[in-house]
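*Asks:*
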Amino acid sequence: MHVFKRILLASIVGFGTMGAASAADLLPEQFNSPVDSAWYLRADIGWSFLDWNGGADDDNVTFGGGAGYRYNQYWRTDIRGDFAGDFNVGGGRDLSMGTVLLNGYFDIPMGGQITPYVGLGAGYGWADLDPGQDEDGFAYALMAGASFDMTQNIALDVGYRYRGIVISGPDVADHSVLAGFRFSF
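1405 is the number of the first residue of the sequence shown in the working numbering; add one for each residue after it.
(1) Taking the alpha carbon of D1448 as the point to measure from, which residue in G1549, T1555, P1513 has its own alpha carbon closest?
(2) Specify, as a first and last residue, the run of the beta strand (DSSP E) that G1520 falls within.
(3) My output table needs one value for Y1544: the three-state DSSP class, helix, strand or coil.
(4) Which parts of the region 1441-1495 are runs of the beta strand (DSSP E), unbroken and 3 residues or longer, counting only runs that do not cross its ends?
(5) Taking the continuous beta strand (DSSP E) assigned at G1568, which residues delimit it?
(6) Report yes or no: do three or more beta-carbon pairs, one from the region 1556-1563 and one from the region 1489-1496, lie closer than 8 angstroms?
(7) Could you round the C-beta distance between V1576 and M1501 to whole angstroms and report it? I think they count as a contact, below 8 angstroms.
(8) Let's see if you can read the secondary structure: which residues bound the beta strand (DSSP E) around G1502?
(9) G1584 lies in the beta strand (DSSP E); which residues open and close that run?
(10) Measuring alpha carbon to alpha carbon, tell me which of I1512, G1508, F1453 ends up nearest F1552.
(11) Give me the Cβ distance between A1442 and R1474, rounded to the nearest whole Å; I'm assuming they're in contact under 8 angstroms.
(12) So if DSSP puts G1515 in a beta bridge, which residue, or which two residues, is it bridged to?
(13) Using the C-alpha atoms, what's the distance from G1584 back to D1455?
(14) Less than 6 angstroms between C-beta atoms, sequence neighbours within five positions excluded: which residues of the same chain meet that for L1445?
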């Protein structure tokens, strides 16, 4: 019986000190930490795959640029203009589309040079169907990707974007794979 009491007492003392010993290993929380460079410019180029139920689907180059502001290590926003054009939609017709969007992003800090992100945007879009049909309306986008910090002020951004324009005719949308740079100042 004395052996059991000694084992029980040693266990209680041992487990009691484990909590105190591991308490010193906690890392401080890092929420909303400031970022050195808040304003940035961006430029992107990529490949766009048209998704339109008004005609044949096609693919072509897309490009854009914008300006933004980073609030902290998690949140940033930008105003961005993008254009994709000369999609061959059949019947001798070409479709071009453009958007100006206000985007919001949530960056997921990983503690290194690579930072994954998700984002969404809303704004104005237009679609030009040649010959002779132009439409405009509400535009939206969903984004996901990752940025790679090349220097303190330059990041390579690679991502996917789904973008849509709600118009009176068949809605226009595209799937894009983009690569570009963000220049912080």
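The beta-carbon is built from N, C-alpha and C at its ideal position, and this holds for glycine as well.
*Replies:* Taking the coordinates as given:
(1) G1549
(2) Before going further, note that residue 1520 is Pro rather than Gly in the sequence given. Unbroken beta strand (DSSP E) run through P1520: 1518-1534.
(3) strand
(4) 1443-1456, 1463-1474, 1479-1494
(5) 1558-1570
(6) no
(7) 5 angstroms
(8) 1497-1511
(9) 1576-1588
(10) I1512
(11) 5 angstroms
(12) Answer is none; G1515 lacks a bridge partner.
(13) 23 angstroms
(14) A1471, F1587
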